[in-house]
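Read in order, the letters of the sequence shown are residues -5 to 393 in our numbering. What follows is a single structure, written as C-alpha cells, with notes after it.
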Amino acid sequence: MTRFLASERPGRPHGLHQRHPLLAAAWPVGGLLISVAMAACNGPAETQAAVATPATAAPQPAPVRREGNLIVVPEGSPLRERLQVAEIALQPLQTRLSAPATIEAEPEKLVRITPPVAGRLVRLHHQLGDAVKAGDALITMDSSEISSVRAEHAKAQAALLHARQEFDRQKLLFDVEIAARKDYEAAQQALAAAGADARAASDHLSQLGAAVQEGSRGSYVVKSPISGRVVEMAGSQGGYWNDVNASVMTVADLRKVWLSASVSERDLAHVDVGQQAHIALAAYPDLQLQGRVQYVGELVDTATRSVKVRVAVDNPEGRLRPGMFARVGFDAPARQAVMVPAAALLQGQVSTRVFVDRGGWRFEPRDVQVGAQQDGQAEILSGLAAGERVVVNGGVLLQ
C-alpha cells in the first residue's frame, strides 16, 4: 500500500510544485467544474444577461412612414410581401334597376257584386273560394223595389197593347172613311206615348239587371259577369241588405295580375313598354318570376319623384295575391365603367377610399364615389381613372 507524507495529501496542498503529478493535472479541470456549477446556481436570467446585450440586438424598420400626403413602405418592411397592386380598367357593367311594387288584380278581371236595390238575401249560390263562370247565379234576392218596377213594366206593356189595338181600329175606320181624321191622329199619338212608357219601364228593369221572370214579382237574381273565383264575402244568407253602395261578394280572375311599381324618375329612361321585368316576392323569397312592362305612367308623383309602371305577370298557380309587396327589377343597357375589386375599397366614417400606387412603394389615399356592385367588383363614379394602379389586397394595413 502506498503511503503519503502529510505534506503530499490531496486535501492539504502546499504548492503545485509539491503536489503529485496527477493531482496537478486535475486541478484546472476541477476549477472549471466549480465555475460552471456556480453559474448554474446564479440562474438563467443572469446567464442570459451576460450573453445577450443591447449591443447585439438589430433594430427593426417601421412598416410605413409618411411623406406629406403619401404613405411610403420602406425597404425591409414586411408589408412589401403582403400588398397586392393591380391596374384598373374599363369593363362592361350590366346594372339592374329595382323598384318597390304592389300586386293588383286587373280592373276588368275583378268585379264587386253590388245589388242595385235593397232586399233580403234569399240565397247565396256560392261560397268563398268557389269557382264561378260568367252568367252563373250568385245571389237570389227578394226586393220590394224590384216588385214595383216589374209592376210598372207590366202596366206599361198592357197600356201599349191597348193603344196598339185602338190605333189599329181607328186606322181601319179611317181607311174606309168612317172615323174622323182627328180620332185617327189621337190614336196614333196615344200609341206613340204608350210605346215610350213601355220602353222606359224596360230600360229601368235593364238598369237594375233584372229580367222579367215568372213567379214572385220581387225575386231578383244577381249573376256573375266574369269567370273567376269568389275572393270576398260580406253578406249572409237570409240577411237583409240595404246598402246599395257596398258589395255582397267579390269575384276575381287572378290567372294574370298586375304589379304597380314606383320607378324613380332618374331611372325612367331605362324602362320601356314591352321590356322584361324580374319579380321578387317577400312572401316567396326563392320564387323568381318574369313579367312584361305594359304601361309607363304619364305623371310624376311630386312627393316621391317616382312614376307608376305597370307590369303584367302570369299567375297560373294563384300564388300572387292582390296587396302583396314585391320588388321589380329592370335590366339597364350595358355600359363601360371604371371597375375595381370590392376588396380595394376601405370604408371610413364619412367616405370610401382606395390607395393609389404612385410608384417607388409610395401610395396615395384617395376618396372615391362608388356606384353599382356586381360579382365582387365595384363601379367607381369619381375619384379614379382607367389605367391607374390601386392596392387591391392589404390596403387596410396602410391605414
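Just so it is clear, CB atoms sit at the ideal spot from N, CA and C, and this is done for glycine as well. Computed from a prediction, not measured in an experiment: that's the story for all the values here.
So, using beta-carbon positions, are residue i and residue j closer together than 7 Å?
i, j, result
"Lys250", "Ala131", "no"
"Val301", "Ala93", "no"
"Val402", "Ala228", "Since the first and last residues shown for the chain are -5 and 393, residue 402 lies out of range."
"Gly233", "Leu115", "yes"
"Glu98", "Pro316", "yes"
"Ala380", "Leu87", "no"
"Gly394", "Ile273", "Nothing can be reported for residue 394: it is not among the residues displayed for the chain, which extend from -5 to 393."
"Gly342", "Arg76", "no"
"Gln164", "Asp177", "yes"
"Val386", "Gln78", "yes"
Could you name the residues of the same chain whose beta carbon sits closer than 6 Å to that of residue i, not counting the 5 residues immediately before and after it, in chain order?
i, result
"Gly365", "Glu373, Leu375"
"Gly222", "Val245, Ala246, Asp247"
"Ala150", "Asp191, Ala192, Ala195"
"Arg356", "Leu64, Val66"
"Leu73", "Pro57, Val67, Leu391"
"Glu358", "Leu64, Val350, Arg352"
"Glu400", "Only positions -5 to 393 of the chain appear in the structure, and residue 400 is not among them; the question remains open."
Cα-Cα, which of the options is closest to residue i?
i, options, result
"Ser137", "Leu202, Val105, Ser258", "Leu202"
"Ala338", "Ile97, Ala125, Val58, Asp361", "Asp361"
"Asp261", "Ala320, Ala326, His198", "Ala326"
"Asp124", "Val224, Gly389, Trp235", "Val224"
"Ala276", "Ala320, Thr296, Val294", "Ala320"
"Ile220", "Lys127, Arg315, Pro110", "Lys127"
"Val344", "Ile273, Pro72, Gln363, Gly291", "Gln363"
"Ser142", "Val111, Leu167, Gln164", "Val111"
"Gln368", "Gly291, Asn309, Arg90", "Arg90"
"Ala240", "Thr108, Asp169, Gly353, Pro57", "Thr108"
"Gln282", "Leu104, Asp295, Glu146, Arg313", "Arg313"
"His147", "Asn236, Val170, His198, Val58", "His198"
"Val307", "Tyr289, Glu139, Thr298", "Tyr289"
"Val105", "Ala180, Glu226, Glu259, Arg329", "Glu226"
"Arg299", "Pro279, Glu259, Ala263, Tyr278", "Glu259"
"Pro279", "Ala297, Met318, Thr296", "Met318"
"Glu139", "Ala187, Glu358, Gly353, Asn236", "Asn236"
"Ala263", "Ala187, Phe324, Gln330", "Phe324"
Would you grab the beta carbon distance between residue i and residue j for me? Rounded to a whole angstrom, and I think it's under 8 Å.
i, j, result
"Val332", "Leu378", "6 Å"
"Leu392", "Ile65", "5 Å"
"Tyr215", "Thr134", "It is worth fixing the name first, because residue 215 is Val in this sequence and not Tyr. Indeed they touch by this definition, with Cβ atoms about 5 Å apart."
"Ala80", "Val348", "About 11 Å; that fails the 8 Å criterion."
"Ala174", "Ala157", "Their Cβ separation, rounded to whole angstroms, is 18 Å, which puts Ala174 and Ala157 out of contact at 8 Å."
"Ser254", "Thr96", "5 Å"
"Trp252", "Glu100", "6 Å"
"Val334", "Ile82", "5 Å"
For residue i, I'd like the list of residues in its chain whose CB is within less than 7 Å of its CB, leaving aside the five on either flank, ordered along the chain.
i, result
"Val287", "Val265, Asp266, Val267, Gly268, Gln269, Ala271, Val303, Val305"
"Gln182", "Phe161"
"Val390", "Leu340"
"Leu167", "Ala173"
Around the C-beta of residue i, are 16 or more other C-beta atoms found within 10 angstroms, so that it is buried, or is it exposed?
i, result
"Glu382", "buried"
"Leu154", "buried"
"Ser200", "exposed"
"Ala34", "In this predicted model, Ala34 has a pLDDT of only 40, less than 50, meaning its place in the structure is not dependable; the value taken from the coordinates is given anyway. Exposed, because fewer than 16 other Cβ atoms sit within 10 Å of the Cβ of Ala34."
"Ser71", "buried"
"Ile172", "exposed"
"Leu122", "exposed"
"Gly370", "exposed"
"Gly129", "exposed"
"Arg144", "buried"
"Leu118", "buried"
"Arg60", "exposed"
"Arg211", "buried"
"Gly113", "buried"
Excluding the 5 residues preceding and the 5 following residue i in the sequence, name in chain order all residues of the same chain whose CB lies nearer than 8 Å to its CB.
i, result
"Ala336", "Gln367, Gly370, Gln371, Ala372"
"Ala424", "Absent from the structure is residue 424, since the part of the chain shown begins at -5 and ends at 393."
"Ala187", "Ala157"
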